[in-house]
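J.:
4 protein chains.
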Amino acid sequence: MTRSTARKTGDVAAAPGEDQAAVPRRLLQQATKLFAKKGFDRTSVQEIVEAAGVTKGAMYHYFGSKDDLLYEIYARVLREQMKQLEGVASSDAPLRERLTAAASDVVVSSIDNLDDSTIFLQSMHQLNAEKQKAVRAERRRYHERFRAMIEEGQASGEFRDDKPADVIVDFFFGSVHHLGSWYRRGGSLSARQIGDHYADLLLDAIRPPGRS
Amino acid sequence: MTRSTARKTGDVAAAPGEDQAAVPRRLLQQATKLFAKKGFDRTSVQEIVEAAGVTKGAMYHYFGSKDDLLYEIYARVLREQMKQLEGVASSDAPLRERLTAAASDVVVSSIDNLDDSTIFLQSMHQLNAEKQKAVRAERRRYHERFRAMIEEGQASGEFRDDKPADVIVDFFFGSVHHLGSWYRRGGSLSARQIGDHYADLLLDAIRPPGRS
Amino acid sequence: MTRSTARKTGDVAAAPGEDQAAVPRRLLQQATKLFAKKGFDRTSVQEIVEAAGVTKGAMYHYFGSKDDLLYEIYARVLREQMKQLEGVASSDAPLRERLTAAASDVVVSSIDNLDDSTIFLQSMHQLNAEKQKAVRAERRRYHERFRAMIEEGQASGEFRDDKPADVIVDFFFGSVHHLGSWYRRGGSLSARQIGDHYADLLLDAIRPPGRS
Amino acid sequence: MTRSTARKTGDVAAAPGEDQAAVPRRLLQQATKLFAKKGFDRTSVQEIVEAAGVTKGAMYHYFGSKDDLLYEIYARVLREQMKQLEGVASSDAPLRERLTAAASDVVVSSIDNLDDSTIFLQSMHQLNAEKQKAVRAERRRYHERFRAMIEEGQASGEFRDDKPADVIVDFFFGSVHHLGSWYRRGGSLSARQIGDHYADLLLDAIRPPGRS
DNA sequence: AATGAATGAGGATTCATTCAT
DNA sequence: AATGAATGAATCCTCATTCAT
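Protein chains in written order, with my numbering: chain A, 16 to 227; chain B, 16 to 227; chain C, 16 to 227; chain D, 16 to 227.
Printed below as a string of structure tokens:
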């Protein structure tokens, strides 16, 4: 997402909305790319503003700090993934279908936004304490929503209940968060194929023992 | 100008604890602790040497750079896990037992060295290119050894073969590497219990479809 | 991020002397003085910025490195001497007059900027490879322009041709570059007197044998 | 000189004299090479002792400091050139022959020991004050001996006396000291050829005006 | 005569951030 | 809304030298 390639100013007076937004968005885009590539601490504010074609002053006009940039990146991803999960989880499809879709979707969206996944993996602990707490809280909400589906299946007997649901959730999201460390675009498997494989592995792993 | 293994002046008398430990070992210990807690980039050499009770000069006497410290930490973990895997994988137990043991063991050892796992997760990309390559190469060897067991089972029909073995390996090791981001000592589950759960989940995930 | 020529806030009022001078110029001035006095390696960036009354950050705002400072010093001298030489060499005075003037002028300008001469002598090899190459290239152009005059006279029979022109050039510029190591202001001879002596010595040294 | 290539220990007990001396000599040799190549400040004691195949302790056993090393290099060159000059200058050959020989010889010996020339040029000011004074004093004695010959000729009318003798001396030795900055072994001219050219240029430069 | 571990002071450089304009 | 000069603290690393053995 957020692909929005380089709209140059053009009509200065008219259409103010988009161009106005362009600077913060460009900053976020470039910051994402750079944080993913070099890590948060190894990326200087100077590099970010240069990549975005603005000056430092402009950046500090829109963002309070470098931390803020990272936080905004997280917040957006979190927001989107949460929205997606809620959509799927609360549909009235059968549980197995909902869980499969949720699992596959989060893989696909992680791959579509590989940079964000990478940053999540590597840079979260570099946020200041307060923001880190906020991110963790939001992530927990996400996990809880996901876990609820598993617990639902454990209660109904559809899923094995000899393993704590949160161990299963952490097991699965570990895999998901690590996609950035090995998945390379242009490989032989598409994002959706990986998503389906991962969803299958998860669903099969939690079949009740003795059931096919 | 590194290495200098084991000086041991002959049990000097008093203070048997940390102070006794050789300087390089103390440095590695403290660096591991700090890197895990604050991240590689956020940890200064000054902090490390203070924690280890030596001077900067001493550190640079034994290690060529801060990078080296990180590299040595990786190298040790990698070496140990590889040794462990080789022991288990080449035993003459049945395949499922071998894979179960290998999976459970790597979880247990990751938990026993939680700091190392955390560092692995967060800091590998901060190594310089050359060392990063060396670490990746070693890690690949490890994955390949693990994957060989899965392929063995796929060939014999013991494991499903509708998923590429390396997808399965990455799926599983994603989970393993993430232990550091959620497991807290003193929780309700022991390292071995987590290990067994993870091994079960893996083994069940790769049962051939339609088999219990 | 260098250059920033001439700010001049509008003659602020008091203190017309050094304080007024733009930051980059003050830095260059003090660096020249210090490099000449103590050598490039023995001069710390700290000393330079203190002498210039600015902070380290300010210096790195204008110059990419300590090397850059040295390079700029060279570049300015080289530029000026080249301009001077070109003016003299391409006039339509007789060859001997042109060469005499060029020789005398380069001595006078070396003495007028004794610090620069000293630095040239002592510090060029401390520049990084790339910049050193640039300086050498420029210096070679200078020497070639000078040599061309000598070759012109060798061709016309005005100067001896039993010695390679470039040996003569190196012979003479060795003397010139060494001025900084012995000439002291306030001695009995003025810069112009030295210049005339040196020019005479050169011109007489290259008279054709058997001619007064 | 000081070529003395690598006599390996061999007979340990016997012939103690030479091997004993070998360590300091090797240190001096390697230091000379390194100082010439990288400059005094850019050369670390570590590099020197490694090149010489000894340890730091050994070096500090023989030399009080890094400065000492540099000083010894100077002292040796100075001693040798002075001896050579005295030999030539006090012979009973005609003055012009003596001066020609002295000039040519100092060029040849500078080229034969190009490293020492380079060091002289670049590193003298990096000695501590006291040693620097000693070196300057010795060099002055050398110049004075050389100047005496010129003054002798000025008195007798053999050489021009419209230029101060010391200006002539500085003029000439500037050229000599700069040999290291342009002369490359393997060029088209031998050391002796350069020496003869330089001596000719000097002698012709100081002919009385109007005389061939 | 020689080792090599350890010191501790100092060096160049980077960087997030501020502020006058 | 935006600039860009300036800050100042922190960082990694180098090195000559010492000293117990």
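Idealized CB from N, CA, C, for every residue including glycine. As the structure is a computational prediction, the values presented were derived from the model and not from experiment.
Spatial neighbours of residue 164 (chain C) within its chain, please: CB distance less than 8 Å, with the 5 preceding and 5 following residues excluded, ordered by chain position.
T.: Around residue 164 (chain C), the same chain offers 104, 110, 113, 114 and 117 as residues with beta carbons nearer than 8 Å, after the five sequence neighbours per side are excluded.
J.: Looking only at C-alpha atoms, which of A:42, A:159 and A:108 sits nearest to residue 181 (chain A)?
T.: A:159
J.: For residue 212 (chain C) and residue 127 (chain C), I'd like the C-alpha separation in whole angstroms.
T.: When the Cα atoms are used, residue 212 (chain C) and residue 127 (chain C) turn out to be separated by approximately 16 Å.
J.: Could you check the C-alpha separation between residue 188 (chain C) and residue 40 (chain D) for me, to the nearest Å?
T.: 35 Å
J.: With a threshold of 8 Å between beta-carbons, can residue 182 (chain D) be considered close to chain C, or not?
T.: yes
J.: Comparing alpha-carbon positions, which option in B:201, B:177 and B:195 lies nearest residue 219 (chain A)?
T.: B:177
J.: Any C-beta of chain D within less than 9 Å: which residues of the segment 190-202 of chain C qualify?
T.: 190, 191, 192, 193, 194, 196, 197 and 198
J.: Looking only at C-alpha atoms, which of C:102, C:77 and C:123 sits nearest to residue 198 (chain C)?
T.: Among C:102, C:77 and C:123, the Cα nearest to that of residue 198 (chain C) is on C:123.
J.: Return helix, strand or coil for residue 88 (chain A), following the three-state DSSP convention.
T.: Correct three-state label for residue 88 (chain A): helix.
J.: Once DSSP output is grouped into helix, strand and coil, what is the label at residue 108 (chain A)?
T.: coil
J.: Taking the alpha carbon of residue 78 (chain B) as the point to measure from, which residue in B:53, B:97 and B:42 has its own alpha carbon closest?
T.: Its Cα nearest to that of residue 78 (chain B), the residue B:42 stands out among B:53, B:97 and B:42.
J.: Straight-line CA distance for residue 221 (chain B) to residue 46 (chain B)?
T.: 39 Å
J.: Drop a sphere of 10 angstroms on the beta-carbon of residue 94 (chain B), count the other beta-carbons inside from all chains shown, and report buried for 16 or more, exposed for fewer.
T.: It counts as exposed.
J.: Does the beta-carbon of residue 210 (chain C) have 16 or more other beta-carbons within 10 angstroms, so that it is buried, or is it exposed?
T.: buried
J.: Can you tell me the Cα-Cα spacing of residue 119 (chain D) and residue 81 (chain D), whole angstroms?
T.: 33 Å
J.: Can you tell me whether residue 102 (chain D) is buried or exposed, with buried defined as 16 or more other CB within 10 angstroms of its CB?
T.: exposed
J.: Quick check: what's the CA-CA separation for residue 171 (chain C) versus residue 216 (chain C)?
T.: 20 Å
J.: Listing by chain order, which chain C residues have their CB less than 8 Å from the CB of residue 178 (chain D)?
T.: 212, 215 and 216
J.: Can you tell me where the alpha helix (DSSP H) holding residue 224 (chain C) begins and where it ends?
T.: Element bounds for residue 224 (chain C): n/a, residue is neither H nor E.
J.: Report, in whole angstroms, the separation of the C-beta atoms of residue 146 (chain B) and residue 86 (chain B), which I expect to be a contact under 8 Å.
T.: 5 Å
J.: Verify the CB distance criterion: does residue 172 (chain B) have a CB-CB separation below 8 Å to chain A?
T.: no
J.: For residue 78 (chain C), decide whether its Cβ has a neighbour in chain D, counting only Cβ atoms nearer than 8 Å.
T.: no
J.: What first and last residue would you give for the alpha helix (DSSP H) that runs through residue 37 (chain B)?
T.: First-last for residue 37 (chain B): undefined, no H or E at that position.
J.: Using a 10 Å radius around the Cβ and a threshold of 16 neighbouring Cβ atoms, would you call residue 65 (chain B) buried or exposed?
T.: With fewer than 16 Cβ atoms within 10 Å of its Cβ, residue 65 (chain B) is classed as exposed.
J.: Is DSSP giving residue 192 (chain B) helix, strand or coil here?
T.: Residue state, collapsed to three classes: helix.
J.: Contact criterion: CB-CB distance below 8 Å. Does residue 83 (chain C) meet it with respect to chain D?
T.: Chain D, which has no Cβ nearer than 8 Å to the Cβ of residue 83 (chain C), makes this no.
J.: With 8 Å as the threshold, decide whether the Cβ of residue 88 (chain D) is near any Cβ in chain C.
T.: no
J.: What does the alpha-carbon distance come out to for the pair residue 70 (chain D) and residue 37 (chain D)?
T.: 14 Å
J.: Quick one: Cα of residue 18 (chain D) to Cα of residue 88 (chain D), how far?
T.: Residue placement at residue 18 (chain D) is poorly supported in this model, since its pLDDT is 30, which falls under 50; the coordinates still yield a value, given next. For residue 18 (chain D) and residue 88 (chain D), the distance between alpha carbons rounds to 14 Å.
J.: Please list, in chain order, all residues of the same chain as residue 136 (chain C) whose beta carbon is under 8 Å from its beta carbon, the five residues on each side excluded.
T.: Within the same chain, and ignoring the five residues on either side of residue 136 (chain C) in sequence, the residues whose Cβ sits closer than 8 Å to its Cβ are 192, 193, 195 and 196.
J.: Quick check on DSSP: helix, strand or coil for residue 198 (chain B)?
T.: coil
J.: Using only alpha-carbon positions, find the residue among A:153, A:190 and A:60 that is nearest to residue 91 (chain A).
T.: A:153
J.: For residue 125 (chain B) and residue 131 (chain B), I'd like the C-alpha separation in whole angstroms.
T.: 7 Å
J.: When you check each C-beta in the segment 132-149 of chain B against every C-beta of chain A, which residues fall closer than 9 Å?
T.: 133, 136, 137, 138, 139, 140 and 141
J.: Would you mind telling me which residues of chain A sit closer than 9 Å to residue 57 (chain B), beta carbon to beta carbon, in chain order?
T.: 56, 140 and 141
J.: Identify the continuous alpha helix (DSSP H) that holds residue 71 (chain D) and give its terminal residues.
T.: Segment 71-77, the alpha helix (DSSP H) holding residue 71 (chain D).
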